[in-house]
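Protein chains in written order, with this note's numbering: chain A, 176 to 352; chain B, 176 to 352; chain C, 6 to 249.
Just so it is clear, CB atoms sit at the ideal spot from N, CA and C, and this is done for glycine as well.
None of the values given here were measured: they were computed from a predicted structure.
Heads up, the thing below is written out as structure tokens.
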Amino acid sequence: MGLSQKIEAILFYKTDAITVKSLASILGVTESEAENGLRELAASLSERGINLVRTKDEVMLTTSKETSPFIEKIAKEELEGELSKASVETLAVILYSGGATKSDIDYIRGVNSGFMLRNLQIRGLIEKKANPKDGRSFIYVPTMDIYRYLGISKKEELPEYSGLIESIDSLSEEKGN
Amino acid sequence: MGLSQKIEAILFYKTDAITVKSLASILGVTESEAENGLRELAASLSERGINLVRTKDEVMLTTSKETSPFIEKIAKEELEGELSKASVETLAVILYSGGATKSDIDYIRGVNSGFMLRNLQIRGLIEKKANPKDGRSFIYVPTMDIYRYLGISKKEELPEYSGLIESIDSLSEEKGN
Amino acid sequence: MDTAYTVKTPSFEGPLELLLDLIEKKRLAVSDVSLSKVTDDFISYLKTLGGIPVAYTAHFIVTAATLVLIKSKSLLPGLSLTDEEEGSIDELKRRLEIYALYRQAGEGLKKIFGRGVLFKRPYPAITPIFVPDSSLTKERLAETLREAIMNVPLREENLPEATVIKAITLEEMIGSLTERVEKSMTLSFHKFSAEGARNKKESKVFLIVSFLAILELVKQGIVAVRQETEFDDISIEKTTVISV
Numbered sequence: 176m177g178l179s180q181k182i183e184a185i186l187f188y189k190t191d192a193i194t195v196k197s198l199a200s201i202l203g204v205t206e207s208e209a210e211n212g213l214r215e216l217a218a219s220l221s222e223r224g225i226n227l228v229r230t231k232d233e234v235m236l237t238t239s240k241e242t243s244p245f246i247e248k249i250a251k252e253e254l255e256g257e258l259s260k261a262s263v264e265t266l267a268v269i270l271y272s273g274g275a276t277k278s279d280i281d282y283i284r285g286v287n288s289g290f291m292l293r294n295l296q297i298r299g300l301i302e303k304k305a306n307p308k309d310g311r312s313f314i315y316v317p318t319m320d321i322y323r324y325l326g327i328s329k330k331e332e333l334p335e336y337s338g339l340i341e342s343i344d345s346l347s348e349e350k351g352n
Numbered sequence: 176m177g178l179s180q181k182i183e184a185i186l187f188y189k190t191d192a193i194t195v196k197s198l199a200s201i202l203g204v205t206e207s208e209a210e211n212g213l214r215e216l217a218a219s220l221s222e223r224g225i226n227l228v229r230t231k232d233e234v235m236l237t238t239s240k241e242t243s244p245f246i247e248k249i250a251k252e253e254l255e256g257e258l259s260k261a262s263v264e265t266l267a268v269i270l271y272s273g274g275a276t277k278s279d280i281d282y283i284r285g286v287n288s289g290f291m292l293r294n295l296q297i298r299g300l301i302e303k304k305a306n307p308k309d310g311r312s313f314i315y316v317p318t319m320d321i322y323r324y325l326g327i328s329k330k331e332e333l334p335e336y337s338g339l340i341e342s343i344d345s346l347s348e349e350k351g352n
Numbered sequence: 006m007d008t009a010y011t012v013k014t015p016s017f018e019g020p021l022e023l024l025l026d027l028i029e030k031k032r033l034a035v036s037d038v039s040l041s042k043v044t045d046d047f048i049s050y051l052k053t054l055g056g057i058p059v060a061y062t063a064h065f066i067v068t069a070a071t072l073v074l075i076k077s078k079s080l081l082p083g084l085s086l087t088d089e090e091e092g093s094i095d096e097l098k099r100r101l102e103i104y105a106l107y108r109q110a111g112e113g114l115k116k117i118f119g120r121g122v123l124f125k126r127p128y129p130a131i132t133p134i135f136v137p138d139s140s141l142t143k144e145r146l147a148e149t150l151r152e153a154i155m156n157v158p159l160r161e162e163n164l165p166e167a168t169v170i171k172a173i174t175l176e177e178m179i180g181s182l183t184e185r186v187e188k189s190m191t192l193s194f195h196k197f198s199a200e201g202a203r204n205k206k207e208s209k210v211f212l213i214v215s216f217l218a219i220l221e222l223v224k225q226g227i228v229a230v231r232q233e234t235e236f237d238d239i240s241i242e243k244t245t246v247i248s249v
């Protein structure tokens with residue numbers, strides 16, 4: 176496996192721009208070796224759907240310009256499509272509990288909620304925050320916008336609040352934390 | 176620009192798994208055209224740092240297997256815990272058969288797999304779908320994540336795939352169905 | 006009987022797993038001979054399940070019954086098996102072979118899981134735009150949540166369905182059988198096994214458990230069994246002079 180493949184994988188995974196210097200350090204090569212690898216990568220990408228973008232010090236991968244109409248279409252769909260039942264369910268768990276970790280949400284729903292959490296974040300319905308109980312993890316909390324939209328000022332104003340929150344709490348206990 | 180480049184860009188942008196069906200609809204082509212494009216893309220990626228993973232219905236781009244040691248160094252993703260004997264057994268049934276009902280799994284393992292199936296779903300390793308053969312029942316199918324964790328790009332890359340399928344088939348024939 | 010087979014959490018172990026472990030421990034392939042050889046170990050494990058709810062052990066008892074059929078071919082040479090009985094023997098062997106394949110495949114998966122992970126591209130940073138959905142109301146949220154909570158399975162629901170065997174255990178059956186044999190020197194198997202059953206399904210279960218109990222007693226030398234001709238009833242006698 177050549178250097179250019181390794182660089183491609185690292186840039187794919189990084190999503191953000193990365194300096195050539197830190198790229199070289201991850202790879203354990205000199206900066207000029209990394210530059211060679213980057214040149215090779217740019218050449219191999221010339222006929223592909225992704226591009227290598229380069230500023231003075233930084234590099235990153237992006238979709239190639241010709242594909243932007245499709246990308247815009249997807250972005251629009253992500254924003255405007257109707258919320259799936261799974262998304263509404265995920266949102267409900269977060270609203271009633273006032274904030275929950277991914278593992279709590281997954282446990283209550285019985286499925287992995289990764290994709291739903293992303294979708295709800297894009298649409299500004301929830302946001303990810305550092306967990307006050309455990310700095311290394313995150314909790315998902317409702318945004319102010321969704322409170323306003325639903326016309327409530329606190330979670331206790333949600334329908335059937337006390338009954339539903341009791342069920343959620345007892346499920347979380349069963350999970351063991 | 177060819178179809179395979181467009182697909183590459185869409186998958187790169189999407190980051191999550193996408194069904195071949197919705198890929199075709201975004202591109203405005205038929206599913207079989209999309210399949211051709213996917214084949215072409217897989218071929219063009221064969222020597223690259225990124226890789227195309229294919230489950231029964233979905234596709235996704237990932238880093239290539241060879242680059243895994245480098246990405247591990249910078250990855251935040253952590254695998255939670257080892258898999259128990261019972262979970263790998265259940266996963267084997269679902270992965271090698273490409274999808275199985277709960278009663279199939281219970282019968283093969285000789286135990287009730289209810290809790291095991293729920294745990295594997297919460298971990299995002301399998302998912303429950305409507306049974307294409309019988310709308311009232313469900314089948315459990317492998318997710319993109321289990322493919323990724325096993326480091327395989329298609330089911331044929333499962334260890335001893337063809338040998339096992341052959342043995343299972345010949346045992347099932349004995350029964351007469 | 007010498008090796009007490011211990012398993013950590015019996016409620017999560019199935020009969021196929023136990024059986025395959027026993028066979029593989031003896032380095033045998035799945036066959037009548039190997040199954041016959043592990044029957045005693047299987048039954049002695051079964052007896053250790055005394056304190057476990059009957060619903061959990063039902064699967065084991067049904068499997069034990071088939072094992073006993075296999076073993077009985079050598080123990081009672083005159084015994085002839087019905088098509089149904091032959092069928093359940095074949096089925097058990099086939100299930101074991103299929104299970105063995107998947108179990109082996111599972112070991113293969115365990116070896117590669119987490120080694121050489123293919124990494125997903127993480128989500129790029131989000132600039133959220135507030136876009137709710139017109140169908141999103143407080144009431145819909147409450148209803149969806151209520152449904153989701155209702156769908157969480159209760160632990161009890163995951164008990165094996167086979168509750169055909171009510172409050173009957175191997176020990177109870179052995180106790181009752183010993184008592185009856187002691188009372189009357191000769192006892193008909195059919196008469197004994199039919200006693201106490203309330204319906205046809207239950208009587209079949211009684212028959213199976215009785216058979217297990219008899220074999221156990223034969224082994225312990227408490228009773229002797231005799232079958233005059235094929236299909237004939239089996240006589241059970243308390244051993245006084247006869248040693249088995």
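Asked	Found
Interface positions of the region 331-352 of chain B facing chain C (Cβ-Cβ less than 7 Å), listed along the chain	Pro-334, Glu-335, Leu-339, Ser-342, Ile-343, Leu-346, Glu-349, Lys-350
Contacts that A:Ala-275 makes with chain C (C-beta to C-beta distance below 9 Å)	Within chain C, no residue comes near A:Ala-275; the closest Cβ sits about 12 Å away, beyond 9 Å.
Three-state class that DSSP yields for B:Glu-208 in the structure shown	helix
Whole beta strand (DSSP E) elements within the region 271-317 of chain B, 3-residue minimum	301-306, 309-317
CB contact flag (B:Val-268, C:His-64, <8 Å)	no
Buried or exposed (CB count within 10 angstroms, at least 16 for buried), A:Gly-224	buried
Chain B within 8 Å of C:Gly-92, Cβ atoms only	no
Candidates A:Glu-331, A:Glu-252, A:Arg-284, A:Ile-301, of which the one nearest B:Thr-296 by Cα	Checking the sequence, you will find Gln at residue 296 of chain B rather than Thr. The candidate whose alpha carbon is nearest that of B:Gln-296 is A:Arg-284.
Proximity test, Cβ basis, 8 Å: C:Pro-20 and chain B	yes
Environment of A:Thr-230 [buried if 16+ CB atoms lie within 10 Å]	exposed
Given B:Arg-298 as reference, the closest of A:Ser-288, A:Leu-300, A:Asn-294, A:Glu-302 once Cα atoms are compared	A:Ser-288
Cβ of B:Ile-269 within 8 Å of any chain A Cβ	no
Contacts around A:Arg-293, its chain only, beta-carbon distance under 8 Å, and the 5 residues preceding and following it disregarded	none
Beta-carbon proximity of A:Val-234 to A:Ile-193, cut-off 8 Å	yes
Chain-order list of residues whose beta-carbon lies under 6 Å from that of C:Leu-33 (same chain, five-residue window excluded)	Ser-39
Beta-carbon spacing of B:Tyr-315, B:Gly-274 below 8 Å	yes
Beta-bridge pairing of C:Lys-31 - partner residues as DSSP gives them	Partner(s): none; C:Lys-31 has no beta bridge.
Collapsed DSSP secondary structure at B:Met-176 in the structure displayed	coil
For C:Val-169, three-class secondary structure by DSSP	Below a pLDDT of 50, predicted positions are generally treated as unreliable, and C:Val-169, at 37, falls in that range; the measurement from the model is reported next regardless. DSSP places C:Val-169 in coil when its eight states are reduced to three.
C-beta neighbour in chain B for C:Leu-123, strict 8 Å	yes
Three-pair Cβ contact test at 8 Å for the region 180-197 of chain B versus the region 327-347 of chain A	no
Any C-beta of chain A under 8 Å from that of B:Tyr-322	no
Cβ-based burial, A:Gly-212 [other Cβ within 10 Å; buried from 16]	buried
Identified DSSP bridge partners for A:Glu-233	A:Thr-194
DSSP bridge partner residues for C:Lys-143 (one or two, in chain order)	C:Lys-143 is not bridged to any residue.
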